[in-house]
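Following numbering that gives the first Met the number 0, the numbering of the sequence shown begins with 0 at its first residue and continues without gaps.
Note that CB positions come from ideal geometry on N, CA and C, so glycine has one too.
The structure displayed is predicted, hence computed values, not measured ones.
Read the structure below first, then the notes.
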Amino acid sequence: MALLILNRLHCNETTDGPGADDIYIKVGNERVWGEQEFGDEQERNIGVSRLFGSKVRVAVWEGDDAPSLDDRIGAFWVHSSQVGDGEQAEALTGDGSHYDLYYTVVAE
Numbered sequence: 000m001a002l003l004i005l006n007r008l009h010c011n012e013t014t015d016g017p018g019a020d021d022i023y024i025k026v027g028n029e030r031v032w033g034e035q036e037f038g039d040e041q042e043r044n045i046g047v048s049r050l051f052g053s054k055v056r057v058a059v060w061e062g063d064d065a066p067s068l069d070d071r072i073g074a075f076w077v078h079s080s081q082v083g084d085g086e087q088a089e090a091l092t093g094d095g096s097h098y099d100l101y102y103t104v105v106a107e
């Protein structure tokens, strides 16, 4: 087992729609953080940890009011082989946006 630590999320540019983005994060199928409102150049600490086996999928979403569907900003796989690599960043650029998610993987 490994421990995924979601450190912080930085918004370089919001999605194409009007107004701020309402962002949430899923690890596997579990919503672990948010919704939090983001504007351009905003950053928020996350401070969420989750245990996982060999790999787990992390996805960042922008919530929309019904009847619109939520927009996936991006998703990526985190692997237990990343233990000890220090803080890492993943660039997520869906729906005209640009977010950087910073995370660390440590031994459990």
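{"query": "Nearest-angstrom Cβ-Cβ length linking residue 45 and residue 6, presumed shorter than 8 angstroms", "result": "6 angstroms"}
{"query": "6 angstroms Cβ shell around residue 49 - same chain, five flanking residues per side excluded", "result": "3, 26"}
{"query": "Exposure label - residue 40; buried when at least 16 CB within 10 Å", "result": "exposed"}
{"query": "Three-state class that DSSP yields for residue 87 in the structure shown", "result": "strand"}
{"query": "Beta-carbon spacing of residue 101, residue 77 below 8 angstroms", "result": "no"}
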